[in-house]
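Taking this note's numbering, the leading residue of the sequence shown gets 436, the next gets one more, and so forth. We put the beta carbon where it would ideally sit given N, CA and C, even for glycine. In what follows, a structure is listed as structure tokens, so that the remarks can point back to it.
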Amino acid sequence: MASTRTLETNLAIVAERNRRAWCARQFLAGFVALILSLGMATATVAPPATYAPVLVGALVFIVLADLCFFAAFRSGGTVMRVICSICMLPTVFVVLDCLDRLS
């Protein structure tokens, strides 16, 4: 029996798959940036060196992670929105840790 799906239906299916794949790539990029940021924020630096370059890197990566999570948040469904909201929470830790170490 031949398929009865129309061209519009097939295009809609492909568009939905592409949207989900893009959302997953944004989430993965955000997760990698989040891990790098948390690693940099909790790193111990030897006494002659300063924390400033490491903490600036941590801030840059956490902003990048939040932008990726926000992009996935906007294009994802309810489950993706909840997951992205939870993944954005370490931003508070990184920013407060950077402020504490730099002051």
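- For S538, the secondary structure class from DSSP, reduced to helix, strand or coil, is coil.
- Inclusion of L490 and L537 in the CB contact set at 8 Å is warranted, their separation being smaller than that value.
- Boundaries of the alpha helix (DSSP H) harbouring G465: L442 to A476, taken from the DSSP string.
- Annotation for T441: no residue places its beta carbon closer than 6 Å to its own, counting only its chain and skipping 5 residues before and after.
- Here the C-alpha atom of A484 lies approximately 48 Å from the C-alpha atom of R452.
- With contacts defined by Cβ atoms closer than 8 Å, F528 and G465 do not form a contacting pair.
- DSSP, reduced to helix, strand and coil, places M515 within a helical segment of the structure shown.
- In the structure shown, L524 adopts coil according to DSSP, grouped into three states.
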